Structure formats: C-alpha cells, structure tokens
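Below is one structure, written out as structure tokens; the observations come after it.
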Amino acid sequence: MKLTLTVNGTEYARTIEPRLLLIHFLRDELGLTGSHWGCDTSNCGACVVWLDETPVKSCTVLAAMTDGRRVTTVEGLARNGVLDPVQEGFSACHGLQCGFCTPGMMMTARWLLDRNPNPTAAEVREAISGQICRCTGYENIVRSVLWAAGNDGNDGNEGNDGNDGSDDDGRD
Amino acid sequence: MDATSGGGAYGPIPRKEDARFIRGQGTFVDDICLPGMLYGAVLRSPLAHARIVSVDAAAAAAHPKVMAVLTGEDLAERALAWMPTLSGDVQAVLATDKVRFQGQEVAFVVATDRYAARDALELIAVDYEPLPPLIDARTALDPGAPLVRDDLPGQNGNKVFDWAAGDREATDAAFSAADVVVSCDMVYPRSHPAPLETCGIVADMNPVSGKLTLWVTSQAPHAHRTLYAMVTGVPEHKIRIVSPDLGGGFGAKVPLYPGYLCAIVGSMVTGRPVKWMEDRSENLMSTAFARDYHMHGEIAATADGKILGLRARVLADHGAFNATAQPTRFPAGFFHIFTGSYDVPAAFCEVTGVFTNKAPGGVAYSCSFRVTEAVYLVERLTDMLARQLAIDPAELRMRNLLKPEQFPYTCATGWQYDSGDYPRALRLALDIAGYAELRREQAQRRARGEYMGIGLSFFTEGVGAGPRSQMDILGLAMADGADLRVHPTGKAVLGISVQTQGQGHETTFAQIVAHELGLSPDDVEVVHGDTDRTPFGLGTYGSRSTPVSGAAAVVAARKVRERARLVAAAMLEVAADDLEWLDGKWRVRGDPDQARGIAEIAMAAHSTLDLPDGVEAHLDASAVYTPPNLTYPFGAYICVTDVDPGTGEVKVRRFIAVDDCGVRINPMIVEGQVHRGIADGIGIALMQAIVFDESGNCLGGSFMDYLLPTSMECPSPELGATVTPSPHHPIGAKGIGESATVGSPAAVVNSVVDALAPFGVVHADMPLTPAAVWRAIQGRPIRPDLALS
C-alpha cells in the first residue's frame, strides 16, 4: 500500500506492507534509528515518537495508520542544530547511561513541558511512568526534565511554544 | 581544581558519550545496516522437554524470500550443533536430539527481511515427542526424576556439582557452643537482567578475505573473539568483533548465545551479512537468567548478639545447560563470601548445582558472581537474629561489623578484604536516615495500626576479577590490557579491552589518563569495543572495569609519564633525577618554573631532539594489568517502606545508600550506578521473577508478566559516601557497578518483614508482590519459584 506522511518536517511517500510497524518503518525504511525497539508489548517506551501532537509507542502503531499525519522523532527534537533544553538537561543531569531509552524519554518529556511548563517531580514521574529505564532508577531523568523546565524559553528553545506556524512538524 | 593541571581531572564532569545519545545518534547493533544484509530468525521449542522426532524445513526453504534454513542436523554436519559454555559444559546451538527448555533453539531461517524470516518460521514442521519435564529443582535429585542431560556420557542424574567452602568441623563446634541459633529457608528467585536492548548480531563472513566481522552485543569482545575462533575454526586473527553502543547488559551480554552462531553460519552459507536480533520474549525466555538459589541458612550467636558462626546449604538451579559465566574454580561464584561484613569466626557452605528443564545461564544481572545471594542470606539471617534477641538490627550489626584495624582481613572462607571502615559507613547511613526518629515514628504508626518498615543491609563485595593464581574463564586469566598513544600535539588515544554498557567508560577512562598526564579529559579519546583497535582483555562484568582495566590505564599512563621524564630532561638539559612531577608537569627541583608539560614533551619526543642512548622516541606505552587481589567495596543501606496489610501493597518511601568504592573518579557516574542498583533491588525484591508452571511454561516471557520497576515504584534515593582507598589498586579505586544491586534487595525485604512484624511474619520470599505479602500476613507464604501453590 502507499503511505504518505511527514516525519520531522519532511514529507515521505513509500510503498509498504500493510502490517509494517511504525517503528520498523522509521528505522528500516527511513533510517531514523534514534527510536528504539525494546519490548513488542507497549511496556518499555523505547520507541516513543509523536503522532501529530501525541506521544505513541511506535512498536504498536502500524505505519499505515500514520498516512497523512505528522510523526516527530528524537531526530526532530533539535532545531537548526540547536539542542532542545530537554536534550541539554539529560546530559547536564546524567539522565542517561546506556542511552537506549533516552529518545523515548525525551519525547515524552518535551510533550509534558509543552503542556505543563513547570511540573513537579511527581508530575514528571507520572508522565514517564509508561516507560522503562534499566540504568538510571529514574531519579536523574526526573532531574533532567526539571532542569529543562527551568531552562525552557532560553536561547535554543525557539519554536517550542510553536505558534509561529513556520515549522509545521508536529511539535507545536 | 583546574582539570588541566594534573591531579585534577577527577570530578563530576558531564559524559562525553551523551552527545550522540541525546541526538538519537547512538549506534546499537540493530542500527547497523550493511549492503545486501539478510535477516535471521530462530524457531524455538514450545515444550520444556521433548524428543525431536523430525524437523521438516522444506516449506520454509521454498519461501521466495528465504535464502537459507538451518536445522540441528545442518549444524551437526559442520560440527556446530553444540558449543562450549563458559562453565565447561556444552549447550545445543540448534537441538538435534531433545529440547530441554521452553524457548530452546531448534531452527534458524535467513530471509531478505525480518518479517519474511518470521513468516518462514511458521512453515517449519517439528514433530515432538513430549517427555516429563523437571521443573522443581527440589526434586531434581529424586530417584526417578526425569533425566535432563542424557547427552552427557556418564551423567546418570541431574547433579551438576557439589561444592563446599569453609571449615565444617569448626563451624559445627561454633554452633554447638552458641546460646542461640536462628535458621531459615529462603529462595532467591530466578530473575533476568532484561537490558532494554535485547541481544543481537550482524555477522559478516567475507568469502574473499576470509575475515569474519561480528557486530554483536558483547560485554567481552576479546574473550568472545577467542571463543568464536575455537568454536567456528575461523583463525582468530581473521575475526573482528565490534561491540558498538550497548543498550545495557548487566551480565546478560557475557555469554555466547546460539543465535549468534546461527547468524555466523547463515553468513557463511549465504555469503552475505546476516542480522539477528532477538525479540523481548526470546530475551527473557532463553538468555542468561540470574539467581535461582534455594538456600538454607543458619546463624549462631551469643546471647548478647555476637555472631559465632554461619552455615549455608544451597540448591542451585542451573537450568538445562551449565552455562554460568564465572571464574572456573568457583562453580558457585563468589557465594562463599557469605560471612558478609561481619567478624565471623567460623563458616561453612555447601552448594549443589542441578540441571532442570529451564533456560541456561546462572551468573548474570549485576550480581558480582553471586555475592548478591550471599549478601541476601547473611543480611536476612542477621535481621532474624536481631529479632530473636530483641536487639535493634542496627545495633546488632554495629556489634559485629569488622573494625577498621582488622584490615586487611581474611574471612572464614578465605577472602582477603583489602580495606574498609564499616562502622563509619553505617553511622553515616543512620544519620542520613534519622534512624532514631524513624523508629519513634514506626512505634507511633504501629499504635495507630499502620505498618511501616525500616530495613537495613550492610554489604561487602569482592570485585575486579581477578588474581591470576585463582581466577580464569575457560583457561583465560582475567587480565586486561591498555594501549595509550600520545600524538605529537599532546592529544592521546587510549585503547581498552573492557566494554561499556552505559557505565561511561569514554569519560571515566579519559579522566584517569588525563589525571596522570596533566591533560584535560577532552584531550583523551577512549577507544573500546573493537578487537582490531584495542588490546586483549576479559571485558566488563563483575564490576571489573575500573579495578582491572582502569588500573591498566593508570600503569600505561605512568609509563608514558616516565618516558616523558627522560625526554623532558633532554629538553631542559638536566638529569632525569633532577625532575619532579608537580601540577601536571615535569619540573626542575628547586626551579619549578623550568618545566615541560606532556604536550610539549610529546612534540619533542617526535622531533629530531637528540635523545640519550636507550630512550625510545615517541611516548606511546601499553600495559597489561593482573590484579593482585579483588577490591572490596562496601556500603550501608536503609529502606523505609509502608505496607498496606489489606492489599499487600508495598510502597518504598525512602532509600538511603552510603557506598564506599574507594577513590571516585567521576562521582556523578558513581551515583548514577548506585541509583540503578537501587531500582534493581526494588524490582527484584518486589516484582521481578521468572516463574514456571508445572509443564515448564515460562510465565515471565514478556514485560506484561515480568514486571520491572517504573518511575512510580522507585523513590528518590538519598546517597552518602565514604572513601576508603584500596591499598593495592594504583589509584585506590574499587568497583561500583553492582554494589547497589547486590546490597539493596536485602534492605527492601528486611524493611517489609519489619513492617509485618506485628503479624508475626519472620520471613517472606521475594518477590514481595501484593499477593505474596498478603499471603505472608495470612501465614500461608507463597513459594516464589513455581506457579504451583
């Protein structure tokens, strides 16, 4: 079947098997290997990307379901080479070790901060509670997201409030 | 301190490796894509024990996208149907005679895409003749028990080994003389490390050059290269292992797995690269499990709580093949460190390993070669003794902890602890916790009918294997090399044999070298995970990277520094003895402004500068480090829980961890390691278990059933540190990677049992799920290893 969608602001048209999972489409067809496959059962969240404005677990979304829609992956977090504060926060606060869950965690974190710019630690924990990290015990992920909240709106974060309409990639 | 001045490169600097990961630019095995690459998939046994009558792969082979199908018979023709394990046993690569656990590898398909490979698996017809499975380890040695390993000549029963350590008579005498003896049966359930990245490989056999390149999830790429050479017959210099970014390992990526070998043969057969990535169920059901120890422990003491002796009798479930990864001479790993952190005059333990129809493995999951089980046993027994004697568990521990002046200390089973100040660590943990206030709060809550628990554990590990005289894996001594090249402009490249799975080696090892040479960590590039570019060594597990490979890096850097001294002497036209290393430079004694740093010296060493006879040009150096002893990190942990007796739900309210791993190179990374281990401890104590039903069906085969802790179950840890340098490590460092995984489960269980004390509960086995806690309160504890009760 034919699939047309926008990923990180770029439109793609491909012919795919109807059964193809979104995670495999992104990784194997488009070469966007930042999103990871970890469990098959929607438990781990290493595969979290945005479908339009909503984080989804791309291991349980058919690529076919994204026809005409926008997908945003970790590769779309930075803007014009400038890191998102969430990315900076994960490095500043040692929010990652092996780095496998990190892309999914960061996509959820950005989604949270766009809706709740000043979350509490408990709110961050709830937001990432559908995702698994085997390295950090979550504490430094929470600190990373709170760090990003404290640094949102600084240089490097243009577009995160995203109402300028100039960059229609699903991150508004 | 200025990180460039020498002696100042340690500290909590951000990690170098983060830059690629936060951009989604890590390179994990499944990210590797080679031209013409094919995809493999494994057909697995649905039964735990069955004879294979026939395997018909004709329909699969006829699938238009299938390039090859391998069965056990195909591998047998290449003498590859069986492979050696890390414990001197053999393991079936693809089954030829029987299947011996659910999920065992039976056939392998190579196809043009990963979906087609899975499709073709369903076209393979296997005729099984079911056999009665052996699932309950406690019946393994019964007469008439199903024989798991009829393939082994002379194997008449299911025993793998009997092993003992300590002095039986002295221990019996200590027990006879004791005022009080407390004993308990406890199970350390089978668990799985479940790194978020599963195991996988891209195997590329180049038919022209004869070179076999493997991108593979390996914690020990060099040791694996040797094993692949021995197994496949490909000459070792024609094998290159690349272990790229690993999405966690925790011990799961130490063994060789059948899928790796199938992919290699698949590449040999097709002449094209073959990728195989297991899925999560395959990972949980077939790769290295951990623990599975059925323990009977006894502790003997005087009436005032002085521990006199410890005894343990262990039944170890090794699954269908003895594939534990541990030093050869220690079939039960380092379990015999089970006297823990206490001054115990007499101790004796016996371990019997048995085969069952379960997945093979054994030592995996951050356990420091089974110190985890040992710590759990002694810390549970210590708590029970405290309860029996009505002595506060902190006080009882304080009375029995080794004292600083007793180090170096040789314990009753022969381990030589290198250094420690245990009372200081425990006091600090009690201070952070506000222990006395917690006990007052607990009393008040109990009076209100609320069940709050306070659990302690104190652990000592022996990590950094290991001494040449005592430790090897398949005959390979456990030494590690380091290769340090200093370029003319003073920038350095360090090649190491160990393999990060997230521990941050690229940063920590750069700091180690920078610290020795007066460089910035930014000036040191760390290369690892590629056997063509790094020196030989046994890899990363058992918290051995910093104790062994870190020491090798120090020794290499100090060789560079000494060579630099000779070059600096020529530059400054003074005798080498007139120079001293100070603030990161070689300086003339009494005239410290006359100085040369490594960058200047490196350029001179590569220049036409006239060097004294016998002084080599350049500054490059290498080293191989054989540790004289293990390092012995230790720590004091306190866990505060709240238990709902109506539902059995346990909430971990606080977790206090004081760790002493000697000198900390990057304290931020060290604390991250401790955070991880605390999450492990909470998971293992409260939810993680690989359980089987009576037919041998694995009930923990997905993350729907094998529960891992999330951000909602893990508290915000409260950490403390003491620093007792290792006297034999060149920079005084000890391992830290597994400390919290080893030490924390006992604290959680002690806390829950403490909370349940008003119900008369003295012990309950992990995992303390709501059902298990509720049943313990009812006086009908659940047996945690089988879904039989």
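Listed in order, the protein sequences are those of chains A and B.
262 is the number of the first residue of the first sequence in the numbering used here; add one for each residue after it.
1025 is the number of the first residue of the second sequence in the numbering used here; add one for each residue after it.
Beta carbons are placed, not taken as given, at the ideal position from N, Cα and C, and that holds for glycine.
Predicted, not measured: the structure shown is a model, and the values here were computed from it.
C-alpha distance - B/A1027 paired with B/H1539, whole-angstrom precision: Within the second sequence, numbered from 1, the residue matching residue 1027 of chain B stands at position 3. Within the second sequence, numbered from 1, the residue matching residue 1539 of chain B stands at position 515. Only weak support exists for where B/A1027 lies, its pLDDT of 38 falling under 50; the coordinates are left without a value.
Candidates B/D1809, B/L1332, B/K1382 and B/T1655, of which the one nearest B/D1367 by Cα: In the second sequence, residue 1367 of chain B corresponds to position 343, counting from 1. Looking only at B/D1809, B/L1332, B/K1382 and B/T1655, the smallest Cα-Cα distance to B/D1367 is reached by B/L1332.
Compare the C-beta of B/Q1525 with all C-beta atoms of chain A and state if any pair is closer than 9 Å. Counting from one through the second sequence, the residue named residue 1525 of chain B turns up at place 501. It does; some Cβ of chain A falls within 9 Å.
Roughly how far, in whole angstroms, is the beta-carbon of B/T1814 from the beta-carbon of B/D1186, given that I think they are within contact range, below 8 Å? The question about residue 1814 of chain B has no answer, for chain B in this structure spans 1025 to 1813.
Inter-residue Cα distance where the pair is A/I393 and B/E1695: For the purposes of this step, residue 393 of chain A is taken as the residue at position 132 of the first sequence. For the purposes of this step, residue 1695 of chain B is taken as the residue at position 671 of the second sequence. Spanning the two alpha carbons is a distance of roughly 19 Å.
Just confirm the distance between the C-beta atoms of B/M1309 and B/A1336, as a whole number of angstroms; I'd bet it's less than 8 Å. Residue numbering aside, residue 1309 of chain B sits at position 285 when the second sequence is read from its first letter. Residue numbering aside, residue 1336 of chain B sits at position 312 when the second sequence is read from its first letter. Taking 8 Å as the upper bound for CB-CB distance, B/M1309 and B/A1336 are not in contact here, some 30 Å apart.
Minimum length 3: unbroken beta strand (DSSP E) runs contained in the stretch 1582-1658 of chain B: For the stretch 1582-1658 of chain B, whole beta strand (DSSP E) runs of length 3 or above, ordered along the chain, are 1603-1606, 1609-1612, 1615-1621 and 1645-1649.
Let me know the secondary structure DSSP gives B/S1775 once reduced to three states. To locate residue 1775 of chain B, count along the second sequence from 1; it is residue 751. B/S1775: helix per DSSP, three-state reduction.
Whole alpha helix (DSSP H) runs in the stretch 317-380 of chain A with 4 or more residues, listed along the chain? Fully enclosed alpha helix (DSSP H) runs of 4 or longer: 346-353 and 363-376.
Local conformation of B/D1143 per DSSP, three classes: On the second sequence, position 119 is the one that residue 1143 of chain B refers to. Residue state, collapsed to three classes: helix.
For B/Y1034, which of helix, strand or coil comes out of DSSP? Translated into the one-based positions of the second sequence, residue 1034 of chain B becomes position 10. Note: B/Y1034 maps to coil in three-state DSSP.
Does any C-beta atom of chain A lie closer than 9 Å to the C-beta of B/I1708? To locate residue 1708 of chain B, count along the second sequence from 1; it is residue 684. By this cut-off, B/I1708 is not an interface position.
Would you say the stretch 1346-1354 of chain B touches the stretch 1219-1229 of chain B, given that touching needs at least three Cβ pairs under 8 Å? Contact between the stretch 1346-1354 of chain B and the stretch 1219-1229 of chain B is absent, because fewer than three Cβ pairs lie under 8 Å.
Could you tell me whether the Cβ of A/P364 comes closer than 9 Å to any Cβ of chain B? Counting from one through the first sequence, the residue named residue 364 of chain A turns up at place 103. When Cβ-Cβ separations below 9 Å define contact, A/P364 makes contact with chain B.
Close Cβ partners of B/R1557 (< 8 Å) along its chain, the five nearest in sequence each way excluded: Numbered from 1 along the second sequence, position 533 holds the residue referred to as residue 1557 of chain B. Counting only Cβ-Cβ distances below 8 Å, and skipping sequence neighbours, we find G1519 and V1551.
Are the C-beta of B/T1222 and some C-beta of chain A separated by less than 9 Å? Sequence index remark: in the second sequence, residue 1222 of chain B carries index 198 (1-based). Interface residue, yes.
If contact means a Cβ-Cβ distance below 9 Å, which residues of the stretch 1689-1700 of chain B contact chain A? Within the stretch 1689-1700 of chain B, M1692, I1693, E1695, G1696, Q1697, V1698, H1699 and R1700 place their CB atoms closer than 9 Å to a CB of chain A, listed in sequence order.
Counting only beta-carbon separations shorter than 9 Å, does B/R1423 have a partner in chain D? Looking for chain D here will not work: the only protein chains present are A and B.
In whole angstroms, what is the alpha-carbon distance linking B/S1750 and B/P1432? The residue you call residue 1750 of chain B lines up with position 726 of the second sequence. The residue you call residue 1432 of chain B lines up with position 408 of the second sequence. Rounded to whole angstroms, B/S1750 to B/P1432 spans 10 Å at the Cα level.
Touching or not, the stretch 1271-1279 of chain B and the stretch 1525-1533 of chain B, by the rule of three or more beta carbon pairs under 8 Å? The stretch 1271-1279 of chain B and the stretch 1525-1533 of chain B touch, with no fewer than 3 CB-CB distances between them shorter than 8 Å.
Output needed in chain order: residues of the stretch 275-288 of chain A with a Cβ under 8 Å from some Cβ in chain B. E278, R280, L281, H285 and R288: these are the residues of the stretch 275-288 of chain A whose beta carbon lies less than 8 Å from some beta carbon of chain B, given in chain order.
Just the chain B side, please: which residues come within less than 8 Å of A/N401 by C-beta, in chain order? Against the first sequence, residue 401 of chain A aligns to sequence position 140. Those are G1696 and H1699, listed as they occur along chain B.
Kindly indicate which three-state DSSP category B/D1504 falls into: helix, strand or coil? Within the second sequence, the letter at position 480 stands for residue 1504 of chain B. It is a strand residue.
For a cutoff of 9 Å on Cβ pairs, would you count A/W408 as touching chain B? As a first step, residue 408 of chain A is located in the first sequence; it is residue number 147 there, counting from the start. No, A/W408 does not count as interfacial toward chain B.
Quick check: B/A1340 and B/G1385, are their CB atoms within less than 9 Å of each other? If you number the second sequence from 1, residue 1340 of chain B lands on position 316. If you number the second sequence from 1, residue 1385 of chain B lands on position 361. Against a cut-off of 9 Å, the Cβ pair of B/G1385 and B/A1340 comes out as no contact.
Between the CA atoms of B/P1282 and B/T1095 - distance to the nearest angstrom: Along the second sequence, read from residue 1 onward, the residue named residue 1095 of chain B stands at position 71. Along the second sequence, read from residue 1 onward, the residue named residue 1282 of chain B stands at position 258. Near 12 Å, if we compare the C-alpha coordinates of B/P1282 and B/T1095.
What is the residue span of the alpha helix (DSSP H) that B/W1439 lies within? One-based indexing of the second sequence puts residue 1439 of chain B at position 415. Neither: B/W1439 is in no alpha helix (DSSP H) and is coded neither H nor E.
Starting from B/A1371 and walking both ways along the beta strand (DSSP E), at which residues does that stretch end? Numbered from its first residue, the second sequence carries residue 1371 of chain B at position 347. Judged by DSSP secondary structure, B/A1371 falls within the beta strand (DSSP E) whose first and last residues are A1370 to V1378.
Which residues in chain B sit within 7 Å of A/V335, going by Cβ to Cβ distance? The count along the first sequence starts at 1 and reaches residue 335 of chain A at position 74. Residues of chain B passing the Cβ test: G1048.
Given a cut-off of 9 Å on the beta-carbon distance, is the pair B/A1506 and B/S1646 in contact? Start at 1 with the first residue of the second sequence, and residue 1506 of chain B comes out as number 482. Start at 1 with the first residue of the second sequence, and residue 1646 of chain B comes out as number 622. Remark: C-beta atoms of B/A1506 and B/S1646 approach each other more closely than 9 Å.
Against chain B, which members of the stretch 298-311 of chain A pass a CB distance test of less than 8 Å? Answer set for the stretch 298-311 of chain A: W298, G299, C300, D301, T302, N304, C305 and A307.
With 9 Å as the limit, tell me which residues of the stretch 1139-1173 of chain B have their beta carbon closer than that to any beta carbon of chain A; keep them in chain order. Close to chain A, meaning a Cβ-Cβ distance shorter than 9 Å, are the following residues of the stretch 1139-1173 of chain B: Y1139.
Which class does B/D1546 belong to by DSSP, given the choice of helix, strand or coil? Here residue 1546 of chain B refers to the residue found at position 522 when the second sequence is read from its first residue. Assignment of B/D1546 by DSSP, reduced to helix, strand and coil, places it in the helix class.
Near-chain B residues of the stretch 370-397 of chain A - C-beta to any C-beta below 9 Å: Near chain B, meaning a CB-to-CB distance below 9 Å, the residues of the stretch 370-397 of chain A are A382, V385, R386, E387, A388, I389, S390, G391, Q392, I393, C394, R395, C396 and T397.
Here's the rule I'm using: 16 or more other beta-carbon atoms within 10 Å means buried, otherwise exposed. How should B/V1077 be labelled? In the second sequence, residue 1077 of chain B corresponds to position 53, counting from 1. By the 10 Å Cβ count, B/V1077 comes out exposed.
So if DSSP puts A/T276 in a beta bridge, which residue, or which two residues, is it bridged to? In the first sequence, residue 276 of chain A corresponds to position 15, counting from 1. Answer by DSSP bridge pairing, in chain order: A/K263.
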